[in-house]
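To start, the structure under review is shown below, and the notes come after it.
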Amino acid sequence: MANTESALKDVMSSIDGAIGVALVDYNSGMALGTLGGSAELDLNVAAAGNTDVVRAKVRAIELLNLKEAIEDILISLNTQYHLIRPLTGRSGKGLFLYLALDRSRANLAMARHQLKRIEADLEV
320 MANTESALKD
330 VMSSIDGAIG
340 VALVDYNSGM
350 ALGTLGGSAE
360 LDLNVAAAGN
370 TDVVRAKVRA
380 IELLNLKEAI
390 EDILISLNTQ
400 YHLIRPLTGR
410 SGKGLFLYLA
420 LDRSRANLAM
430 ARHQLKRIEA
440 DLEV
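Encoded structure:
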């Protein structure tokens, strides 16, 4: 089991094209940990903004009476991919991993696979 700091380091070192990653509490919108980012990508602002995305999708699933859980949410930008992966473990309830990728260097399928692996090992 990995703690938050080692999981974030694992994301940045094992996923090609990673720009930044955050572990976010979607009840408060606060980042519990961040690594990477840039002048153009403030991970704390991204954490708060993507909290609204997760809340909206959870609400839509409830309104549709779907018996489904979100595996991940993908946002494709011109030069970046943004992946949001809610934690599924008991200790991760109400948390999600947010990953920003450089689209020119990232392999989206591998990034999703690696993020799933890291999420499974994360102990919060």
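Letter by letter, the sequence shown follows residues 320 to 443 in my numbering. Backbone N, C-alpha and C define an ideal beta-carbon position, used for all residues, glycine too. All values derive from a computational prediction rather than experimental measurement.
Identity of the residue in Ala365, Leu382 and Ala341 nearest Ser325 by Cα: Working through the sequence shown from its first residue, we reach residue 325 at position 6. It is Ala341.
Check whether Gln433 and Ile334 have beta carbons under 8 Å apart: The count along the sequence shown starts at 1 and reaches residue 433 at position 114. The count along the sequence shown starts at 1 and reaches residue 334 at position 15. Yes.
Coarse secondary structure for Ser347, derived from DSSP in three states: Within the sequence shown, the letter at position 28 stands for residue 347. The answer is coil: DSSP assigns Ser347 none of H, G, I, E or B.
Paired residues, beta bridge with Ser395 - DSSP: Counting from 1 along the sequence shown, the entry for residue 395 is found at position 76. Ser395 pairs with Tyr400.
Cβ-based neighbour list, Gly336, same chain, cut-off 6 Å, excluding 5 preceding and 5 following: Walking along the sequence shown from the start, residue 336 turns up at place 17. For Gly336, where only same-chain residues beyond five positions count, the Cβ hits under 6 Å are Leu420, Asp421, Arg424 and Ala425.
Within 8 Å, strictly: CB atoms of Leu402 and Leu418: Counting from 1 along the sequence shown, the entry for residue 402 is found at position 83. Counting from 1 along the sequence shown, the entry for residue 418 is found at position 99. The Cβ atoms of Leu402 and Leu418 sit closer than 8 Å to each other.
Test item: CB-CB of Pro405 and Ile389 under 8 Å: For the purposes of this step, residue 405 is taken as residue 86 along the sequence shown, with counting starting at 1. For the purposes of this step, residue 389 is taken as residue 70 along the sequence shown, with counting starting at 1. Yes, they are a contact pair.
Beta-bridge pairing of Val340 - partner residues as DSSP gives them: For the purposes of this step, residue 340 is taken as the residue at position 21 of the sequence shown. DSSP output for Val340 lists Leu354 and Leu418 as bridge partner(s).
Cut-off 6 Å between Cβ atoms - residues of its own chain near Leu354, not counting five sequence neighbours on either side: Taking the sequence shown and counting its residues from 1, one reaches residue 354 at position 35. Within the same chain, Leu354 has close Cβ partners Leu327, Met331 and Val340.
Pairwise C-alpha distance: Ile392 and Ala365: Taking the first residue of the sequence shown as position 1, residue 365 is located at position 46. Taking the first residue of the sequence shown as position 1, residue 392 is located at position 73. The C-alpha of Ala365 lies about 14 Å from the C-alpha of Ile392.
Leu441 - partner residues in DSSP beta bridges: Position 122 of the sequence shown, counted from the first residue, corresponds to residue 441. Answer is Ala321, bridged to Leu441.
C-beta contact flag for Ala375 and Gly348 at 8 Å: In the sequence shown, residue 375 corresponds to position 56, counting from 1. In the sequence shown, residue 348 corresponds to position 29, counting from 1. Not in contact: Ala375 and Gly348 (Cβ atoms no closer than 8 Å).
Separation of Ser357 from Arg436, as counted between CA atoms: Position 117 of the sequence shown, counting from 1, holds the residue named residue 436. Position 38 of the sequence shown, counting from 1, holds the residue named residue 357. Cα-Cα distance, rounded: 25 Å.
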